[in-house]
Each structure stands twice: as C-alpha cells, then as structure tokens.
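2 protein chains.
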Amino acid sequence: MSSLFKELNFNEVGLIPAIAQDQKNGDVLMVAWMNRDALEETLATGQVCYYSRSRQKLWRKGETSGQMQKLVELRIDCDGDSLLLLVDQTGVACHTGRRSCFFRAMRNGELTEIAGPEINPETLYGTSDD
Amino acid sequence: MSSLFKELNFNEVGLIPAIAQDQKNGDVLMVAWMNRDALEETLATGQVCYYSRSRQKLWRKGETSGQMQKLVELRIDCDGDSLLLLVDQTGVACHTGRRSCFFRAMRNGELTEIAGPEINPETLYGTSDD
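Residue numbers (the working numbering), protein chains in the order written: chain C, 16 to 145; chain E, 16 to 145.
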C-alpha cells in the first residue's frame, strides 16, 4: 500500500480523478474523484468509494441506488495523477439509469444520444439522485 | 457544434479532463486535459490536441513524438464535465514508450508493472519528453 501512495499526486485540493471501466467489456462507465480516504476505503473494502465534490463527503457508490461497483483492479498512470478502476458494475453506473455516463456522442456535428436508460432513475433513487 | 459546448462544464480554470480510449480494443490509453481551444482544434482537425497544464499551452499529441491520436468519436458524460475520446493511436500513447499510461496496477497489495515499453523513449523524443 505504501508503494502506491508515494506514487500518487493528488491535486491542490487533495483529489485525483478516477475512471471506472467495466472489466467485462472495457466500457468506460464514469469519471469521478477520490481523496486519500476514499481510495483507502475502496482498497480496504473492495467496494468503490468516491469523494463527492458537490456534497463534500465520501460517496459510497451505490449506497443509495444499490448500483455498486466492486473493484477488480486499480491502475495508476505514468505521472500518478489519474486512477483507472476496473470494476464489476452492479446494474447501471449513471444516475440517469444508463449503463454508462458517456451516453452522448458527437455524430455528424451534433450531440446525439447513443444509449437509453436501462432502469428508471426513480426506481433507483425515489426523487433524489446519487 | 453549438449543441456540444452548451452542454460542457469546463472547470474553474477553463479545463475539462479527457480520457483517450483505444477504439480498437477498449484500452484506456491516457488521461489529459483540454481547454475550449484544444477541443475545437481536435474537432476541426480530427487529430487530438490537449492543453498542457505544465507548459500552459496547446499540446498537439504526437507533434514531437509522432505518436498521434486520430479522433474517431467524442463522447461526453451526463454532467458534461468529462470527455471520452475514442481514438486510433499511432504507436504508443505514453511518453515512457508504453502503449498505455496505465501500466502499473495494484496486485497483491503492491504496485506492479504490468506492461513494458514497446518503443525506446529516446527514439521518440531524443532527450526531452512529450
């Protein structure tokens, strides 16, 4: 563990971006942020925990929605300022009910929806979101 | 194009993280940053251009090394604060000569190198780096 943290460069507010990638098919599911506590908890529990910048607290992915991410492997990049999380995603990663947060693509010069919801967000959250 | 920029949320210094993913095999190659100019240039030319935070200028990926990235598709996430670039990578993405910048993984509690260089970095840059 010590070999990891000495290689990481958290930014000026103590955060590092984390990309969650579906280990089954390689889809990029989402990008969020971690602080040191979130990463330590993720490694300790095997369940992905981010840091919510809007709520300014740890964000245990799926705690409300049930759509958890099990960490399969953590990778870090060459300059230690980004994390790649290979995960087993339960259900969907996106609060809109889509499997991936990257469901809009530029096609023919226009932003186009390329994937629809698989789950009704109200089923996941009631009236709030994750 | 207008439909894109109104959906994007650049951060407080005008940047947005961009993940480059190999469109052939789904490998996450690198994470870097773009400002509006870099993204506009990328869309206009089809060659990926980032913004270098260390050099504080546009960084035309591969300009020095020849290891260019051709944009195949741009995707954005649900809250418009991250970009996913599906790319055709010429050669290697990492300045260390490795295909992906994410060549270190936590395995058995230790940071472990999981991929070696495919190209000698000195071949790419002489004595400097990208």
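A virtual CB, placed ideally from N, CA and C, is assigned to each residue, including glycine.
Considering only their Cβ atoms, is the gap separating Gln84 of chain E from Lys111 of chain E smaller than 9 Å?
Checking the sequence, you will find Thr at residue 111 of chain E rather than Lys. It is not a contact, given that the beta carbons lie outside the stated cut-off.
What does the alpha-carbon distance come out to for the pair Gln36 of chain C and Gln82 of chain C?
14 Å
Along chain C, which residues have their Cβ under 7 Å away from the Cβ of Pro32 of chain E?
Pro32, Val46
Can you look up Leu30 of chain E in the DSSP assignment and give me helix, strand or coil?
coil
Give the C-beta separation of Phe117 of chain E and Val63 of chain E to the nearest angstrom, bearing in mind that I take them to be a contact with Cβ-Cβ under 8 Å.
Not quite, the Cβ-Cβ distance comes to about 17 Å (not below 8 Å), so this is no contact.
Comparing C-alpha positions only, which one of C:Val87, C:Asn123, C:Leu139, C:Ser115 sits nearest to Ser156 of chain E?
The structure shown does not extend to residue 156 of chain E, since chain E is modelled only from 16 through 145, so no value can be given for it.
What residues from chain E crowd round Ser18 of chain C, counting only those whose CB sits closer than 8 Å?
Simply Glu125, Leu126.
Under a Cβ-count criterion, where at least 16 other Cβ atoms within 10 Å of its own Cβ denotes burial, should Ala59 of chain C be classed as buried or exposed?
The residue is exposed, with fewer than 16 neighbouring Cβ atoms inside 10 Å.
Measuring straight from C-alpha to C-alpha, what distance separates Asp92 of chain E and Ala130 of chain E?
29 Å
Using a 10 Å radius around the Cβ and a threshold of 16 neighbouring Cβ atoms, would you call Ser69 of chain C buried or exposed?
By the neighbour-count definition (other C-beta atoms within 10 Å, threshold 16), Ser69 of chain C is an exposed residue.
Helix, strand or coil, according to DSSP, for Asp96 of chain E in the structure here?
coil
Please name the residues in the region 87-101 of chain C whose beta-carbon is closer than 7 Å to at least one beta-carbon of chain E, in chain order.
Glu88, Leu89, Arg90, Ile91, Asp92, Cys93, Ser97, Leu99
Just reading off the beta strand (DSSP E) that Glu88 of chain C is part of, what are its end residues?
84-91
Can you name, in chain order, every residue of its own chain whose Cβ lies under 7 Å from the Cβ of Gly61 of chain C, other than the five neighbours on each side?
Lys85, Leu86
Given that a residue counts as buried once 16 or more other Cβ atoms are within 10 Å of its Cβ, and exposed if not, what is Lys72 of chain E?
exposed
DSSP on Thr57 of chain E, reduced to helix/strand/coil?
In the structure shown, the three-state DSSP call for Thr57 of chain E is helix.
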